[in-house]
Structure formats: C-alpha cells, structure tokens
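Participant: Structure in structure tokens, see below.
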Amino acid sequence: MEKEATSQPQLSYPRAISRSGSTPSAIDISRDIAGIAKEVHFASRSLPDITNEKLPTFDNMWLHSMSIVRADIILHCTGYKYHLPFLEINGIVTMDDNRVGPLYKHIFPPSLAPTLSFVGLPWKMMEDVKAFYSSLEASGTPKHYTHDISPYKFEYEDWLAAQCGCPVFEEWRKQMFVAAIQNLIKRQETYRNEWDDHHLVLQAHEDFRKYTLKGIGVMDKRYRMLS
C-alpha cells in the first residue's frame, strides 16, 4: 500500500502495520496511525545506529533492523515515480528507472535548446551529462538516485546562483539546513518543536537586522530628498 492510501477515512486498519521509509511524511504517517493500529513497525536504511527498540512516547511502535516482523499491511513511503504525460518530447527526454534525461545540471535537455533555456553550448552540455552519468556508474549509484543532489546540494545551489547572477545563501542558512536534518534523525517525534540551532537563529537575526537598518537608511534618505 502506498502512503497516500492512509488519507482515506473509510480505511480500516488491521492489527499490525510495517512501514518502509524514513522521510518526514513517513514519520508523520506512523505517528498518526499509531493511535488506531495495534502495532506499527518501521525499517530504514538511512538512520544510523538502528536497534530493535520501542520508540519513546508510544507503546505500540518499534524501529527494526535486520529482523522479521509479521504485518497485515506493508506501507511503502519510499518516494515517487516521475510521470510526464503532458509533454510531447518524442523520446528526446526519457525516463529510465526514475532517471529523467539527458538533463544538463538536472534542468536543461540539450537538444531542445533554444526552445528551452539552456547554459553553455549544446555539445558541451551533452558531454557534461555523459560525464555525470559515468561518475554515477563508477560509484555504483542506481539510476533512480540520479537527481538526488543531497551530497553536493550547496555546491549545486551556489552554481545556480552564480549562473543567474544572484548572491549565494549565507553560511548560517546552510548550517541551519544541516542542523534540521540532523535533528529530524535525532528526534523523529519532536523535531518540529525541539532543536539545537539557537546560535544559528541569533546569526539570522543579526543578518536580518542589517537589512532592516539598511532599509531604514534608504527610507530616511528619500524622505529628506522629498522634504
């Protein structure tokens, strides 16, 4: 069963449910159905130091690793499939094991330029795509992880900003993102209400204060000119 099915009010939950996946939506679903299911078990490959243990704040929810669990329903919260039936691209852009390509920097199909926005020359773009695919194959990365930019998220976003002539994200914003992910792993049940990034919040306030003071200075200058 896919996770979308849990939104059906008429769904009658059986005794035990096993959930696969550890995204925020998967965690929320587990918490919601724990109130009506007898047992909720879930497994994840991305959480560190997993042990077979009952989770805090619940009497009927367990985290499992390398064990066998009897379940009436297996709930898959493992992502989605790309489906673009509204695009008439005549095979120029294809989808293979959830890889949409060829796309330069995950954005531009080289052979469709200049109909679509593009960066660089088409043949150089295509060489970049081929080199990227080769690096994924060399590292053993499955095709369906082609568009997972998490290992180089900030580098990729900085590149996009540079191409558009925009400033890059401040360092405190990047650190706050990393802290939020770590907090999600550490506190799956309370990560929205508890966090350890107060020092980054102070940096953000100080940054916002600079913009506020700058804005006040501009308004004061305009007022004097009008006077």
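Going left to right, the sequence shown walks through residues 1 to 227 as the UniProt record's numbering numbers them. Cβ atoms here follow ideal geometry from the backbone N, Cα and C, with glycine treated the same way. These numbers were taken from a predicted model, which means no experiment stands behind them.
Over the uninterrupted beta strand (DSSP E) stretch that includes VAL178, give me the two end residues.
Facilitator: Element bounds for VAL178: not the beta strand (DSSP E) but the alpha helix (DSSP H), 171-186.
Participant: If we count the other Cβ atoms within 10 Å of its Cβ and call it buried at 16 or more, is residue 228 buried or exposed?
Facilitator: Not covered by the structure: residue 228. The range shown for the chain is 1 to 227.
Participant: Would you check if the segment 184-191 and the segment 126-145 touch, i.e. whether three or more CB-CB distances between them fall below 8 Å?
Facilitator: no
Participant: Restricting to Cα atoms, I'd like to know which of ALA180, ALA26, PRO24, ILE73 is closest to ALA37.
Facilitator: ILE73
Participant: Just tell me which of GLU194, ALA26, ILE149 has its CA closest to the CA of LEU75.
Facilitator: ALA26
Participant: Roughly how far, in whole angstroms, is the beta-carbon of VAL129 from the beta-carbon of LEU103, given that I think they are within contact range, below 8 Å?
Facilitator: 7 Å
Participant: Take LYS174 and list the residues in its own chain whose beta-carbon comes closer than 7 Å to its own, dropping the five residues that flank it on each side.
Facilitator: PHE154
Participant: Would you kindly report the start and end of the unbroken beta strand (DSSP E) that includes LEU75?
Facilitator: 73-76
Participant: My assumption, with CB atoms under 8 Å, is that HIS147 sits in contact with HIS199. Please give the rounded CB distance.
Facilitator: About 33 Å separates the two Cβ atoms, so there is no contact after all.
Participant: Note down the Cα distance separating GLY101 from ALA204, rounded to an integer number of angstroms.
Facilitator: 38 Å
Participant: Using three-state DSSP, classify THR190 as helix, strand or coil.
Facilitator: coil
Participant: Could you tell me the alpha carbon to alpha carbon distance between ASP196 and ILE181, rounded to whole angstroms?
Facilitator: 11 Å
Participant: Taking its Cβ as the centre, do 16 or more other Cβ atoms sit within 10 Å of PRO109, making it buried, or is it exposed?
Facilitator: buried
Participant: First and last residue of the alpha helix (DSSP H) that includes ARG70?
Facilitator: Segment: none, ARG70 is in no alpha helix (DSSP H) and carries neither H nor E.
Participant: Taking the alpha carbon of THR94 as the point to measure from, which residue in SER111, ASP207, PHE177 has its own alpha carbon closest?
Facilitator: If we check each option's Cα against that of THR94, SER111 comes out closest.
Participant: Whole angstroms are fine: how far does the CA of GLU157 sit from the CA of PRO122?
Facilitator: Because PRO122 sits at a pLDDT of 41, beneath the cut-off of 50, its placement in the model cannot be relied upon, and the following sentence gives the value as read from the coordinates. Between the alpha carbons of PRO122 and GLU157 lies a gap of roughly 22 Å.
Participant: Once you ignore the five residues that flank MET176 on each side, which residues in its own chain have a CB closer than 6 Å to its CB?
Facilitator: ASP197, LEU200
Participant: Pick out whichever of TYR82, THR212, VAL178, ARG31 has its Cα sitting closest to the Cα of SER150.
Facilitator: VAL178
Participant: From what residue to what residue does the beta strand (DSSP E) around ASP96 run?
Facilitator: 94-96
Participant: Locate the alpha helix (DSSP H) running through ASP148, then write down its first and last residues.
Facilitator: Note, ASP148: premise wrong, no alpha helix (DSSP H); not H, not E.
Participant: Spell out the partners DSSP gives ARG99 in its beta bridges.
Facilitator: ASP96
Participant: Roughly how many angstroms separate the alpha carbons of ARG31 and GLN163, rounded to a whole number?
Facilitator: 42 Å
Participant: Between which two residues does the alpha helix (DSSP H) carrying PHE154 extend?
Facilitator: 153-164
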